[in-house]
DNA sequence: TATGAATGAGGGTTCATTCAT
DNA sequence: GATGAATGAACCCTCATTCAT
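Shown next as structure tokens:
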């Protein structure tokens, strides 16, 4: 399609995966050195600078890359499933495959990228950013439509509140893992996230 | 009073408040320098090292300090209120007073403290940590008891799930603000947090 | 007087002298590391950055500092002496004292500072630059006046040509040392410079 | 011809010319990257290493190449002209053709090559060096002979002083351009160089 | 006690050099 | 032979920490 601009060279993807692996191991942005990323990606430190202009850009691009991966996963879930709960379950189950969807890594990364940095992230490739955000909002709308169609979402709830619940579930998961020391890859964690979303959004007399 | 260990000198509190002010301004842990904390606290850089052994300790102690403040606030809310919703509303409303309860700052700080660092945080004053965690769990138990007593919490829900929901609400708030660019101090944000918790925990036929 | 702005802290002067020492040893700008300057100045590397914002600034400021020193020396020579030859001899003799007048170092430095860099040098503190340049031109005018008054300078010669001769003598000295491997501190070198200037500028029937 | 050792492959000459072009643009040695030379020469970066063992060698050989070119030019001038002034004028005029005789570039290069480097330059191909230096001295002797024969050079002057004057004129030109921001290719600059040499070397009663 | 000038270990980045294609 | 992607040593600069005042 026209999304070709989003394709990354194999070296870039190696860098992203290396970064995700580090993030998955609980390494924090501020403690990740360029040398670490290079080692994790299996390339020389200098090689990274052939593909990225700075450490900052590596992180920024990796965040967007992961987000795109996640969106792809979510869109696929929405094509195959019809109910909100099934979509979410399918989506979260897919997060198991760390190679494809390093969600914990993304969440960790986004949490760890300083605010000041995010400015750069936004300025860096505004068109990429815009495209991703649009895709994100479309997916959200589609998800809420599905939930409302099946009666899983209380019609009285605003889009904003629904969004708030979903984001809290996604990122709260990371927080929860931190406090209670559970592994983000623990299926129980993901089940709780789905459950929380469904319960919080369900109509008052929801029986399901 | 065996809690004496918890009292802090005015200089220490100045350091904490300075750090909270920085965190509230959106400054990220990794971009906060010791000089920044000293300036924000209105003391010399060297003075900080009279009270703390390292930057790491400043952050760690500040996190615990903020947590203790929050717990005090929550305990107070639970004494004055009876229903889960009222307790939460009272608690979250108190978060307005940034001087007393820099919640956004805490959330931001905890999110920004690297995992590796948290090890230090745990090893540093294990007794302090234990005491705070015990107090945290007591408060949680008390909160859930209140909710179950009033029928606001579905009896079928496990403690673990309830905790998950509350943590997601607390920390998801930060995430939500980041994504949707809302201000954490926005009352609407806090209302949504309370609403989400209540809806997610309510029994299936909950009418309130 | 009002020239107070030009005073430098002792650490700054130490840095300049360290740099001059390195330049005097024949070290070239591009091979001088910040660590070298720090070592030569007898301070820590980090200390330099308390007084200068970059290596670039160290060099720039050092060049101007040396230029000011030289100008002071020249102005003094012009007060004490009357004939062009005597002024030049007195001036060049003073260049012996490397601590006070590191001329070879200046010449070497100016030669070694890349053109691109000189842009910075000019943009950095334009007022300092302007003041120094004005002082330089005044000294030149005074020198030429002296030479013309005493008949040592051919009245037919333009200011521009006179300037060209003097600059060639000053900087050619460095070049000459490089090619013939003489030491810049060799008195014979300085005698030749004076001789060359006087001969090139003298009237056609000059007998002196 | 026993001078066969001096012939360079087309790729080598391309590298030299590329370097000269960069130097002519005012680029300084320390800011010229191997990639720049390769680009300016129109070859791949790796290709340079087929013909030179290091960046250092490229510079060294280029300096000698330019020197040889200049010497050829000077020898030709001495064959066609008889008076010192005519030789110099003819010689300097030829410097206009930047392709053949990039004098400004040479001067700039020699000035910019660090002393440490010059050691390498001397050790690198001692035989080449010796041959060039001998040729240089022969040319100098021939030039001085011409000047003395025509009475343009004061018989009292030593060879060393004459050499000093000529070198100062050559390299002072570069210095002069730097200070007064004139272009080295400006004919006025070259006229002043000839004038300075002739005036400085002329006998006391010289009328020409 | 309070300070900030001094420090140097460590990080991000550059670029000369290599080598598989 | 010609190339440029990959490399890592080495540099400039930052900033947590120390210590003389």
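Chains as they are written, first to last, in this note's numbering: chain A, 1 to 208; chain B, 209 to 416; chain C, 417 to 624; chain D, 625 to 832.
Ideal Cβ placement from N, Cα and C applies to all residues, glycine included.
Only a predicted model underlies this, so the values are computations on that prediction, with no experimental measurement involved.
Contact set between residue i and chain C, taken where Cβ atoms lie within less than 7 Å
{"i": "residue 824 (chain D)", "result": "612, 615, 616"}
{"i": "residue 687 (chain D)", "result": "Result: empty, since nearest Cβ-Cβ is about 12 Å, beyond 7 Å."}
Whole-angstrom C-beta distance between residue j and residue i, which should lie under 8 Å
{"i": "residue 691 (chain D)", "j": "residue 715 (chain D)", "result": "Not quite, the Cβ-Cβ distance comes to about 14 Å (not below 8 Å), so this is no contact."}
{"i": "residue 465 (chain C)", "j": "residue 431 (chain C)", "result": "Not quite, the Cβ-Cβ distance comes to about 11 Å (not below 8 Å), so this is no contact."}
{"i": "residue 150 (chain A)", "j": "residue 201 (chain A)", "result": "Incorrect: roughly 11 Å between the Cβ atoms, too far for contact."}
Amino acids of chain A, ordered along the chain, whose beta-carbon sits closer than 8 Å to that of residue i
{"i": "residue 369 (chain B)", "result": "192, 195, 196"}
Identity of the residue in the options nearest residue i by Cα
{"i": "residue 577 (chain C)", "options": "D:789, D:646, D:812, D:645", "result": "D:812"}
{"i": "residue 644 (chain D)", "options": "D:687, D:815, D:759", "result": "D:687"}
{"i": "residue 702 (chain D)", "options": "D:821, D:762, D:820", "result": "D:762"}
{"i": "residue 757 (chain D)", "options": "D:779, D:694, D:666", "result": "D:694"}
{"i": "residue 217 (chain B)", "options": "B:238, B:239, B:249, B:242", "result": "B:249"}
{"i": "residue 348 (chain B)", "options": "B:268, B:280, B:251, B:335", "result": "B:280"}
{"i": "residue 273 (chain B)", "options": "B:363, B:251, B:220", "result": "B:220"}
{"i": "residue 374 (chain C)", "options": "C:571, C:608, C:570", "result": "This structure cannot speak to residue 374 (chain C), because chain C is shown only from 417 to 624."}
{"i": "residue 766 (chain D)", "options": "D:796, D:700, D:827, D:819", "result": "D:700"}
{"i": "residue 60 (chain A)", "options": "A:25, A:204, A:29", "result": "A:29"}
{"i": "residue 602 (chain C)", "options": "C:433, C:459, C:440", "result": "C:440"}
{"i": "residue 190 (chain A)", "options": "B:344, B:373, B:404, B:403", "result": "B:373"}
{"i": "residue 43 (chain A)", "options": "A:17, A:27, A:31", "result": "A:17"}
{"i": "residue 424 (chain B)", "options": "B:380, B:404, B:339", "result": "Because chain B is modelled from 209 through 416, residue 424 (chain B) falls outside the range shown and cannot be assessed."}
Within-8 Å CB hit, residue i to chain B
{"i": "residue 172 (chain A)", "result": "yes"}
Chain A within 8 Å of residue i, Cβ atoms only
{"i": "residue 377 (chain B)", "result": "yes"}
{"i": "residue 242 (chain B)", "result": "no"}
{"i": "residue 247 (chain B)", "result": "no"}
Min CB distance residue i to chain D below 8 Å
{"i": "residue 580 (chain C)", "result": "yes"}
7 Å CB neighbourhood of residue i in its chain, flanking five on each side removed
{"i": "residue 660 (chain D)", "result": "646"}
{"i": "residue 367 (chain B)", "result": "352"}
{"i": "residue 573 (chain C)", "result": "617"}
{"i": "residue 266 (chain B)", "result": "223, 227, 245, 256, 260"}
{"i": "residue 148 (chain A)", "result": "155"}
{"i": "residue 45 (chain A)", "result": "34, 35, 38"}
{"i": "residue 128 (chain A)", "result": "64"}
Same chain, Cβ closer than 6 Å to residue i, five either side skipped, listed in chain order
{"i": "residue 614 (chain C)", "result": "501"}
{"i": "residue 705 (chain D)", "result": "711, 714"}
{"i": "residue 354 (chain B)", "result": "292"}
{"i": "residue 411 (chain B)", "result": "362"}
{"i": "residue 55 (chain A)", "result": "34"}
{"i": "residue 551 (chain C)", "result": "487"}
{"i": "residue 448 (chain C)", "result": "438"}
Beta-carbon proximity list for residue i, same chain, < 8 Å, skipping 5 on both sides
{"i": "residue 739 (chain D)", "result": "The predicted model places residue 739 (chain D) with a pLDDT of 48, which falls under 50 and marks its position as unreliable; any figure quoted below should be read in that light. Hits under 8 Å: none found."}
{"i": "residue 791 (chain D)", "result": "none"}
{"i": "residue 163 (chain A)", "result": "140"}
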